[in-house]
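Here's the structure we're looking at; comments come further down.
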Amino acid sequence: MEGFNAEMEAKRDRDRAGRQVTGSMEIVTAYENLGAGRTPFDGYQRTTIDTRILGILREGEAVGHATRGQQVEIVLAETCFYAEGGGQVGDHGVITGPNGHVRIEDTQSPVAGLIVHRGVVSDGDNRAGRGGERTG
1 MEGFNAEMEA KRDRDRAGRQ VTGSMEIVTA YENLGAGRTP FDGYQRTTID TRILGILREG
61 EAVGHATRGQ QVEIVLAETC FYAEGGGQVG DHGVITGPNG HVRIEDTQSP VAGLIVHRGV
121 VSDGDNRAGR GGERTG
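Here is the structure:
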């Protein structure tokens, strides 16, 4: 029975790895389409930062804007949100722009050097290319 359980666990690991590779390729393509590269991080020196929204993804697709209640992933020109890594959870907070707010529930780095802010639009109409400020 031990051998069977070990083999089943190994199969599950292989399946998970396969799904991650496929998902990773789709994620890389989505972010490449945004023209996003490395995200400069300045969270050790500051807790707020004036920046610009480079892109917004909704359900894995790049969109020009997002409105209240929508789940989004936002890429900023630079950030002070720490991405999950090294055993530390990703930062959460609020991105405030001239026309709305996004409540950030998690910060990840799905592609090396790129920081993605995942959250829900709490109000307004947030658009790519506009300014935004992170607050904790």
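The sequence shown stops at residue 136 when you use full-length UniProt numbering, and every number in between is there.
Beta carbons: idealized from backbone N, C-alpha and C, even for Gly.
For residue i, which three-state DSSP category applies?
| i | result |
| --- | --- |
| Gly3 | helix |
| Ala83 | coil |
| Glu112 | Per the sequence presented here, residue 112 reads as Ala, with Glu not at that position. Here Ala112 sits in coil by DSSP. |
| Ala77 | coil |
| Ala128 | coil |
| Thr47 | coil |
| Thr67 | strand |
| Gly100 | strand |
| Thr107 | strand |
Can the beta-carbon of residue i be found closer than 9 Å to that of residue j?
| i | j | result |
| --- | --- | --- |
| Gly55 | Ile74 | yes |
| Thr67 | Gly124 | yes |
| Val89 | Val121 | no |
| Gly85 | Ser109 | yes |
| His65 | Arg127 | yes |
Where does residue i land, buried or exposed, given buried means 16+ other C-beta within 10 angstroms?
| i | result |
| --- | --- |
| Thr107 | buried |
| Ala6 | exposed |
| Thr51 | buried |
| residue 151 | Residue 151 cannot be examined here, being either before or after the span of the chain that is shown, 1 to 136. |
| Gly119 | buried |
| Thr47 | exposed |
| Gly23 | With a pLDDT of only 49 at Gly23, under 50, the local geometry of the prediction cannot be trusted, and no value is derived from it. |
| Gly97 | buried |
Considering Cα atoms alone, identify which of the options is closest to residue i.
| i | options | result |
| --- | --- | --- |
| His101 | Ile53, Thr47, Ala30, Arg38 | Ile53 |
| Asp42 | Asp91, Val63, Glu105 | Asp91 |
| Arg58 | Leu34, Pro98, Val111 | Leu34 |
| Thr39 | Gln45, Ala62, Ala83, Gly60 | Ala83 |
| Gly60 | Thr29, Tyr44, Gly37, Val111 | Thr29 |
Query raised in the report: Are the stretch 104-116 and the stretch 66-80 in contact at 8 Å, needing three or more beta carbon pairs?
Result: yes
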